[in-house]
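Visitor:
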Amino acid sequence: MSDKKVILTDKAPIPSSGYSQALRIGDLVVTSGYLGTHPDGSGVVKGGFEAEVRQALDNIVAVLVEAGCAPSDVIRVNVSLTEVNRFAEMDRIFREYFSAPYPTRNTIGVKELWGGAQVGFDVWAMAKK
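In terms of the numbering used here, the sequence shown is residues 18 to 146.
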């Protein structure tokens, strides 16, 4: 994998432990998981569930842009929710960031996320050549 490129931007939370914001291998970009946390590392945004969803997706978009991608290049999204009954609310906001043809998606309920966050996303994208 000699063409593996580490993606790093200060417009999304900088890794504080052993992971990369994203990796680009050829045309494939795979991000780490992002919560609704401030890019400066000061924790989860205030404002409730909607604010967290938007910040998490803003973090994802910032990393994608640094990797040479846009939301329209995303082929797979994994969503983690601490309250699965908030799926419809998450989906409504999600549709503001992604449009048809929508990426494939997996949504799971989890017991908890770092810092008390309520939602997390990670994505796979195909960068333009």
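Just so it is clear, CB atoms sit at the ideal spot from N, CA and C, and this is done for glycine as well.
Among T26, D75 and E100, which one has its Cα closest to the Cα of P88?
Guide: Nearest of T26, D75 and E100 to P88, Cα basis: D75.
Visitor: Classify P30 as buried or exposed, calling it buried when 16 or more other Cβ atoms lie within 10 Å of its own Cβ.
Guide: Flag for P30 reads buried.
Visitor: Between which two residues does the alpha helix (DSSP H) holding R71 run?
Guide: That run of the alpha helix (DSSP H) goes F66 to E83.
Visitor: Measuring straight from C-alpha to C-alpha, what distance separates L40 and V82?
Guide: Approximately 13 Å between the Cα atoms of the pair.
Visitor: Would A142 pass as a contact of L52 if the rule is Cβ separation under 8 Å?
Guide: In this structure, L52 does not lie closer than 8 Å to A142 by Cβ.
Visitor: Just the C-alpha distance for W131 and A144, rounded to the nearest angstrom, thanks.
Guide: One C-alpha to the other measures close to 29 Å.
Visitor: If you count every other CB in all the chains shown that lies within 10 Å of the CB of G35, and 16 or more means buried, which is it?
Guide: Its Cβ having fewer than 16 others within 10 Å, G35 is exposed.
Visitor: Mark T121 as exposed unless 16 or more other C-beta atoms lie within 10 angstroms of its C-beta, in which case mark it buried.
Guide: The residue in question, T121, is exposed, as its Cβ has fewer than 16 Cβ neighbours within 10 Å.
Visitor: Give the secondary structure of Y36 by DSSP, where H, G and I count as helix, E and B as strand, and everything else as coil.
Guide: Coil at Y36, not helix or strand.
Visitor: How about the segment 44–60 and the segment 105–117: do they share at least three Cβ pairs that are nearer than 8 Å?
Guide: The answer is no - the segment 105–117 does not touch the segment 44–60, with fewer than three Cβ pairs under 8 Å.
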